[in-house]
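Undergrad:
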Amino acid sequence: MIRFINDRNERKEFTFNEIKKSFERHYNNCDSYRRFCELHNVKPSDLNELEDLYTIPQIPTAIFKAIDVCSVDKSLCKCCTSSGTKGAVSRIYRDRATIKSFVESVVTGAGIMHGLKAENTVILNLGPDAEEAGDIWLAYVTGFLKTAVESYNFMHSGNVETEKLIERIRNIPSDKRIVILGAPALFMKVFHDMKEQAVTVTLPDDAVVFTAGGWKSMKGNAVSRDELCACFFRFFGITPDQYFDVFNQVESNTPFFECRCHKKHIPAGFLAFTRDPVTLEKLEDGEEGVLCFLDSSAESYPAFVITDDIGRITEGCECGLEGQVFSFTRRVRTVETKGCALKLDQAVAR
4 MIRFINDRNE
14 RKEFTFNEIK
24 KSFERHYNNC
34 DSYRRFCELH
44 NVKPSDLNEL
54 EDLYTIPQIP
64 TAIFKAIDVC
74 SVDKSLCKCC
84 TSSGTKGAVS
94 RIYRDRATIK
104 SFVESVVTGA
114 GIMHGLKAEN
124 TVILNLGPDA
134 EEAGDIWLAY
144 VTGFLKTAVE
154 SYNFMHSGNV
164 ETEKLIERIR
174 NIPSDKRIVI
184 LGAPALFMKV
194 FHDMKEQAVT
204 VTLPDDAVVF
214 TAGGWKSMKG
224 NAVSRDELCA
234 CFFRFFGITP
244 DQYFDVFNQV
254 ESNTPFFECR
264 CHKKHIPAGF
274 LAFTRDPVTL
284 EKLEDGEEGV
294 LCFLDSSAES
304 YPAFVITDDI
314 GRITEGCECG
324 LEGQVFSFTR
334 RVRTVETKGC
344 ALKLDQAVAR
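Going by the numbering used here, the sequence shown opens with residue 4, and the numbers climb by one from there.
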């Protein structure tokens, strides 16, 4: 379970209790993860305070590419995969309760950060619906949002239908808040089509645009935030204050939403920290390192992960929301994975 809690002591207590409970569940129900924990000599009774959570063994993302890690019957789960841009894909098994937790975290984060409410919001999703998305996590879960809020999808058979998107925008009632969601590459495809058609639309002042996913264009070129903002203003008539990025990866069951200060917030029940990319020693808050997380919201698999991302974790924000804040720097370079590889070899051997 995840929540946004401003009181520091309450937040720490909630996070400790939820993550310990999650660790006990996966230790008792996932044989491969329990053996991994035994290798590191860590068991649930060792966790007595928040600082002890940092000893919970985290699974390198490469493990999810090599073996199936699951705490429930896999036949009851949806197998969600990463995009596989580097070859092998991660396989994450989510049961109904775990997917429900993710959707609830999306609704909660969007509500806390941006005042969005399911009853008066319309999501225009540039991606496919859940059925067409297949197993790819980001596409699947964004398509799944229509179970919680009025939502329309504009990718069919691999094509973004820009004309239908524009028509839908122009016909949404004024009492509905418009949210447009998509990967940067899909937005760039829409902007290309609008330029070709010499058409623009003006979104209302309360409209919100979210990007999620990789920052490569359809041609493989990197897209900058400034370039996107310029296009949002040119084609949608919105300012940077209406545009926000969301961070999520297949191994995590909780998205990080940007607040009005464009900082990505981490809710209680989720603990993030960084490690040295070679020694794997835990770093202090504010130090750049490999992002690690302990996510209590996943019931079907242990979401305790060493990622392939370099970033920083800090505390607090000018927006007034307390708690951890995440900033992404870059992906891990191969030379930096040697320390992780040593641990990985041991884990796979068991």
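Every residue gets a Cβ at the ideal spot worked out from N, C-alpha and C, and that includes glycine.
Consult DSSP for H43 and reduce its assignment to one of helix, strand or coil.
TA: In the structure shown, H43 sits in coil (DSSP, three-state: anything other than H, G, I, E or B).
Undergrad: In this structure, how does DSSP classify N32 when only helix, strand and coil are distinguished?
TA: The answer is helix: DSSP assigns N32 an H, G or I state.
Undergrad: Could you check whether the segment 30 to 47 touches the segment 308 to 317, counting it as contact only if at least three pairs of C-beta atoms, one from each stretch, sit closer than 8 Å?
TA: Taking 8 Å as the limit for Cβ pairs, the verdict is that the segment 308 to 317 does not touch the segment 30 to 47.
Undergrad: If you follow the beta strand (DSSP E) that H265 is part of, which residue opens it and which one closes it?
TA: Careful: H265 lies outside any beta strand (DSSP E) and carries neither H nor E.
Undergrad: How do the segment 97 to 116 and the segment 256 to 264 stand: do at least 3 beta-carbon pairs fall below 8 Å, yes or no?
TA: Segments in contact, yes.
Undergrad: Among residues of its own chain, excluding the 5 on either side of V72, which ones have a beta-carbon nearer than 7 Å to its beta-carbon?
TA: C33, S35, Y36, I62, I66, Y304 and P305, listed in sequence order.
Undergrad: Reducing DSSP to helix, strand and coil, say where D279 ends up.
TA: It is coil, neither helix nor strand.
Undergrad: Taking the CB atoms as reference points, tell me whether F7 and I115 lie closer together than 8 Å.
TA: In contact: F7 and I115 (Cβ atoms closer than 8 Å).
Undergrad: Measure the CB-CB distance between V204 and I241 and report whether it falls below 8 Å.
TA: Not a contact, by the Cβ cut-off of 8 Å.
Undergrad: What does the alpha-carbon distance come out to for the pair D10 and Q200?
TA: Answer to the nearest angstrom: the Cα atoms are 51 Å apart.
Undergrad: Determine the DSSP secondary structure at K179, reduced to helix, strand or coil.
TA: Residue state, collapsed to three classes: coil.
Undergrad: Excluding five sequence neighbours on each side, which residues of the same chain lie with their C-beta closer than 6 Å to the C-beta of K77?
TA: So the list reads Y96, once near-sequence residues are dropped.
Undergrad: Count the other C-beta atoms from every protein chain shown that fall within 10 angstroms of the C-beta of S299, then say buried if there are 16 or more, exposed otherwise.
TA: Buried.
Undergrad: What is the DSSP secondary structure of A352, counted as helix, strand or coil?
TA: In this prediction, A352 has a pLDDT of 34, which is less than 50 and means its spatial position is unreliable; what the coordinates show is noted afterwards. A352 falls in the helix class under three-state DSSP.
Undergrad: Which one of H268, Q245, F235 and V109 has the shortest CA to CA distance from G326?
TA: Checking every option, the nearest Cα to that of G326 belongs to H268.
Undergrad: Straight-line CA distance for T165 to R14?
TA: Distance between the alpha carbons of T165 and R14 is about 43 Å.
Undergrad: In whole angstroms, what separates the C-alpha of A352 from that of R38?
TA: Residue confidence is low: A352 scores 34 on pLDDT, short of 50, so the model does not pin down where it sits. Its coordinate-derived value is still stated next. Distance between the alpha carbons of A352 and R38: 10 Å.
Undergrad: Which runs of the alpha helix (DSSP H) at least 4 residues long sit entirely within the segment 213 to 257? Give them in chain order.
TA: 228 to 234, all fully within the segment 213 to 257.
Undergrad: Would you kindly report the start and end of the unbroken alpha helix (DSSP H) that includes T354?
TA: The first residue shown for the chain is 4 and the last is 353, placing residue 354 beyond what the model contains.
Undergrad: On the premise that L294 lies in contact with T317, defined as a C-beta separation below 8 Å, what is that separation, rounded to the nearest angstrom?
TA: Not confirmed; about 13 Å, so no contact.
Undergrad: Within the continuous beta strand (DSSP E) that includes F105, where are the two ends?
TA: Note, F105: premise wrong, no beta strand (DSSP E); alpha helix (DSSP H) at R99 to H117.
Undergrad: What residues in its chain sit with their C-beta under 6 Å from that of S108, if we drop five residues either side in the sequence?
TA: Around S108: I5 and T257.
Undergrad: Starting from the C-beta of F329, find all residues in its chain whose C-beta is less than 7 Å away, skip the five residues before and the five after it, and write them out in chain order.
TA: Closer than 7 Å at the Cβ level, and outside the excluded window around F329, lie F250, F259, K267, I269, A275, G314 and I316.
Undergrad: Just to check my reading of the structure: T18 and G272 have Cβ atoms closer than 8 Å, yes? What is that Cβ distance to the nearest angstrom?
TA: Going by Cβ atoms, the distance from T18 to G272 rounds to 6 Å, so yes, they are a contact pair.
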